[in-house]
Structure formats: C-alpha cells, structure tokens
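Residue numbers (our numbering): 243 to 606.
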Ligand SMILES: NC(=O)c1ccc[n+]([C@@H]2O[C@H](COP(=O)([O-])OP(=O)(O)OC[C@H]3O[C@@H](n4cnc5c(N)ncnc54)[C@H](O)[C@@H]3O)[C@@H](O)[C@H]2O)c1
C-alpha cells in the first residue's frame, strides 16, 4: 500500500516478477514506472478513443524520457498483424534500440497488440501496461498473454511475454461506456464465483457501490481480482493446469461470440451468460446447489448483465463449442463449478446433460 487508496501487489515470477499498481489518479505518477526504465526512450501505443482522453496526461508525466506515440484505430478488428507491423515500423523508424520501452495505454486490444510487438521487436523490449478498461485492469493486462487475431481465429498469433509493470488508474474507468464497464464486471464476478467464495460474498455486499463506480470499492475489487489472477499466473504461467480455471463460462461464451458474429455481444456479456450455463450444468451434475446458482444469477442481473444466450439453437451452439480451442484429445473440456467460489475442469460431461442445458437456455 503506497497511499490512501492506492494499492500494489506483485506477480511472482522470479526474475520476471513485476508490480501491479491500482488506484485513482496514478496514470500521471511516473514514480510507479520501474526505476531501471528511467530515462529510456518510450513509445506509447494507444488508440483514437483513448488518446484524446489520456495520452497527454501520461506523456506529460514522462519527463526525462524521449516520448513518442502511435495512435491506432479503435476496435478488435484492428488487432491484426497489420497493426502489429505499424508498431514495429514505428519503433524502427524512430531508431529505437533494445533498451526502449513500449507503453500500452488502452483496453485489452491495445495491451495485447503492443505487448506482442514489444515481445518481438529486437527479440523483446520492455513494456508497461496502462489498462484503461475494467476488463483490461482485472484480466488482460495481467499475466503476459499477448496476441493478434488471424482470419482463422482469435488470438491465433501471439506470445507469453510479461510486462515490467501494470499501472491501473481506476479514474480512467469514469469515461468508460456503461456497456463496457458492465462487461468488465462479468469478469470480476467470474473471479469470485469460480475462485474465491469470500470475494463473491463481498461483491454481493458491494454491488451498488460497484455499479456506481465508487472509487474505494472499485480499487478493492480490481486489486482482489489481480491478486487472484497473479497467484494463478505465478503457479501456471503457460496454462498447463490451474490457469484454465480462469476460463469459467468461456467455452459457452466463445460459442456465443462466434455464433452471433464478433462485436454484437461484448466478451463480458457472453461470459455472463456462459457462467449461468456452466452453473446450470453444474447443478444438473450435482456440484452446485440451485440456491448458489440463484445467487450467481442475482449478482449478474444486478450488474445489468445477460443471463441467457441469444437464440442460436442448441445444435449450432454445440457445434461451435466443439470447435472451441478448449477441445483436447477429442473431448470437450469444460470448467464447471465445484460449489460457489470454486471450480474444476471436467472432461467427462455427459453430452445429454450438456444438450439439456443448451435446450433449456435457448430462448428460440
Ligand atoms: N491477454 C489476456 O490475458 C486477455 C484477457 C482477456 C481479454 N483479452 C483481450 O482483450 C480484448 C478486449 O479488451 P477490452 O474489453 O478492454 O476491449 P477494448 O480494448 O476494445 O476496449 C473497449 C472499448 O473501450 C474503449 N476505451 C478504452 N478505455 C477507455 C476509457 N477509459 N474511456 C472510454 N473508452 C475507453 C476502447 O477504445 C474500446 O472502444 C480482446 O481482444 C481480448 O482478446 C486479453
């Protein structure tokens, strides 16, 4: 803790460990940038929505550095090799060397893109995450997954590459559109529902303050999510084991996102409906009580999140789930509840039960 409401924790990865700072107004606090990056050349990568809001504040704080910026167009459709190349071209045109620093200022799209470019330029230069969406603050900016999309699939080209630090200024969330904010809350709920019963109960108690984006509660929520994710990443950086539990609801969610066409449903909205479906399946399989499933639905509902998927047809959904990358060895691996606040991966879900859940949740 370094101030009244500013909190810090560390992702423990040996000599690649790094701090996560969370608090209001810290975007302009250059003292939070790792000391060994002092004075180095900086390229801030951001987008056309975030730049007018926050670029000057960040650039202004970086006195003593040469600071350049690259403003990319906004949108998941620009998370491509073309944008990646634009970042590399810029770094090369500037004559930046191996000691340069990439700063990713924006949501998960910018973080994933800039992180992947930093991982590749001169075989890897330092980068710092400055996430400005709730989803990026609690999820995308932490853990070192970087990627761009390819026509054949989302995040198909990427690398595990950890940032040198994460600076999450919760004040930046004030300007986030409500739908984006709620989508981030779905991931917040995921951490409690799937991994931490006490945090889930805390979310229930603070649902109004969170909906209203009240600072101290928001800081606490972000730091708790980051500490859950940091512990998992420290144990399983490359998703060989427990990191898969972070995908609670995600197999259903990816089917919703693909089936509706990317962009119509925000990822977090699809995760909310996906968690309800995972809960329904868990109730049928006896690893969650109906009362616990009802608590999950109630919390998601109070955040204005969807509780069921759009009309897609159970068969279409099943096919899309089968195509999801969590299929391994020909069997569908699903993250299910193991009571509220815990989860497990199951590879033995009876197809009849899965079909029953899809049929029950299909509004068609
Ligand atoms: N690397 C990981 O571990 C990881 C985890 C989860 C998601 N992701 C990736 O993250 C991406 C989604 O991230 P996202 O939800 O942040 O989406 P996003 O980056 O597209 O941001 C959502 C929208 O909010 C705008 N925005 C950002 N900050 C703002 C602010 N403070 N005020 C106003 N508008 C703002 C953006 O310009 C954009 O229009 C996906 O590409 C996903 O694959 C990565």
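Virtual Cβ for every residue (Gly too), placed ideally from N, Cα, C.
Using a Cβ-based criterion (distance less than 7 Å to any ligand heavy atom), does residue i qualify as near ligand 1?
i           : result
residue 352 : yes
residue 497 : no
residue 292 : yes
residue 381 : yes
residue 289 : yes
residue 397 : yes
residue 597 : no
residue 422 : yes
residue 509 : yes
residue 316 : yes
residue 378 : yes
residue 419 : yes
residue 349 : yes
residue 385 : yes
residue 427 : no
residue 321 : yes
residue 547 : no
residue 437 : no
residue 415 : yes
residue 375 : yes
Could you tell me the distance, in whole angstroms, from the CA atom of residue i to the CA atom of residue j?
i           : j           : result
residue 459 : residue 275 : 24 Å
residue 554 : residue 560 : 10 Å
residue 257 : residue 477 : 15 Å
residue 337 : residue 442 : 49 Å
residue 354 : residue 343 : 15 Å
residue 418 : residue 375 : 7 Å
residue 540 : residue 490 : 18 Å
residue 290 : residue 529 : 46 Å
residue 538 : residue 446 : 9 Å
residue 279 : residue 321 : 27 Å
residue 351 : residue 259 : 23 Å
residue 301 : residue 288 : 12 Å
residue 248 : residue 305 : 22 Å
residue 581 : residue 532 : 10 Å
residue 450 : residue 332 : 44 Å
residue 325 : residue 536 : 43 Å
residue 327 : residue 347 : 18 Å
residue 524 : residue 579 : 6 Å
residue 591 : residue 551 : 20 Å
residue 425 : residue 453 : 12 Å
residue 583 : residue 391 : 32 Å
residue 588 : residue 486 : 11 Å
residue 364 : residue 335 : 13 Å
Who are the Cβ neighbours of residue i in its own chain at under 7 Å, not counting the five residues just before and after it?
i           : result
residue 497 : 559, 562, 563 and 566
residue 244 : Because the pLDDT at residue 244 is just 42, under 50, the model does not fix this residue reliably, and the point stays unresolved.
residue 255 : 404, 476 and 479
residue 385 : 471 and 475
residue 556 : 597, 600, 601 and 604
residue 341 : 282
residue 412 : 264, 265, 266, 457, 460, 461 and 464
residue 499 : 507, 509 and 512
residue 299 : 269 and 270
residue 586 : 578 and 580
Ignore the nearest five residues each way along the sequence and tell me which others in residue i's own chain have a CB closer than 6 Å to its CB.
i           : result
residue 395 : none
residue 388 : 354, 357, 358, 361, 400, 401 and 403
Since residue i contacts residue j with CB under 8 Å, what's their CB separation in whole angstroms?
i           : j           : result
residue 408 : residue 262 : 4 Å
residue 433 : residue 467 : 5 Å
residue 505 : residue 252 : That belief does not hold up - the Cβ atoms of residue 505 and residue 252 are roughly 35 Å apart, past 8 Å.
Using a Cβ cut-off of 8 Å (strictly closer), state whether residue i contacts chain D.
i           : result
residue 359 : Looking at the structure shown, chain D is missing, and only one protein chain is on hand.
Using a Cβ-Cβ cutoff of less than 8 Å, which residues in the same chain neighbour residue i once the five nearest sequence positions on both sides are dropped?
i           : result
residue 240 : Absent from the structure is residue 240, since the part of the chain shown begins at 243 and ends at 606.
residue 359 : 287, 326, 329, 330, 333 and 344
So, does the segment 597-604 touch the segment 506-513, judging by three or more C-beta pairs under 8 Å?
no
Would you call the segment 572-590 and the segment 540-548 touching, i.e. three or more CB-CB distances under 8 Å?
no
Per the contact definition of three or more C-beta pairs closer than 8 Å, is the segment 434-450 in contact with the segment 397-416?
no
Three Cβ pairs or more, each shorter than 8 Å: is that satisfied between the segment 312-323 and the segment 366-383?
no
Inter-stretch contact (C-beta, 8 Å, three-pair minimum) for the segment 294-309 and the segment 378-390
Flag = no, the segment 294-309 and the segment 378-390 do not touch.
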